[in-house]
Amino acid sequence: MNQHMISRIAIFLLSFVMIFFGIQHFVHPQNMVTRVPDFLPGGITWVYIVGVAFILAAISFMTNILVRTAAYLLALMLLVFVFTIHLPQYLDTADNDYKQATMVNLLKDLALAAFALYIASNARHQKVLEETSWEEEEKEMAGRAEMA
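According to our numbering, numbering within the sequence shown proceeds without interruption in unit steps and concludes at 156.
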């Protein structure tokens with residue numbers, strides 16, 4: 009299995025996770041609205057906006073259209089969650105169980121943001137079906153190794 013195929017499988021797996029997260033924002037908005045920071049007006053509107061953002065990022069990744077833009081925006085959104093939702097919740101609670109759950113969410117969003125940044129940094133080819141041979145990929149990787 010070539011590197012491009014493995015990369016596409018990983019991106020599709022992330023896309024399914026993003027679609028699930030997006031759907032959850034529409035199915036259970038009341039569970040999510042409590043996490044919208046108090047300084048943001050609109051409450052539940054933000055829950056729906058985030059749900060749409062997750063779904064649009066997944067569609068972008070699956071169709072291979074505007075992948076770099078979608079990945080950078082997804083990473084930015086997730087990092088905003090880390091610093092405006094999860095970190096303050098972690099620092100503001102004395103309940104050890106809640107603190108642990110918040111840390112898990114913080115690390116999850118941080119890892120997903122890192123994966124999105126990795127996708128953005130490798131989104132050179134914006135074609136739905138990239139037709140490169142194994143030899144072409146090997147030459148490209150050799151060229152990168154020489155640059156390093």
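All residues carry an ideal CB built from backbone N, CA and C; glycine is no exception.
Check, Outcome
"Mind checking SER129: buried by the 16 CB within 10 Å criterion, or exposed?", "exposed"
"By Cβ distance below 8 Å, which residues in the same chain neighbour PHE69 in space, the five residues on each side in sequence not counted?", "ILE19, PHE20, LEU22, SER23, MET26, VAL75, ALA78, ALA79, ILE127"
"Beta-carbon within less than 6 Å of LYS45's beta-carbon, same chain only, minus the 5 sequence neighbours each way: which residues are those?", "Reading off the sequence, residue 45 comes out as Pro, not Lys. Hits under 6 Å: THR92."
"Does the beta-carbon distance from ALA83 to ALA131 come in below 9 Å?", "no"
"Does the structure place the segment 58 to 69 close enough to the segment 91 to 106 that three or more beta carbon pairs sit under 8 Å?", "no"
"Roughly how many angstroms lie between the CA atoms of ILE31 and ARG152, to the nearest whole one?", "39 Å"
"What is the DSSP secondary structure of PHE29, counted as helix, strand or coil?", "helix"
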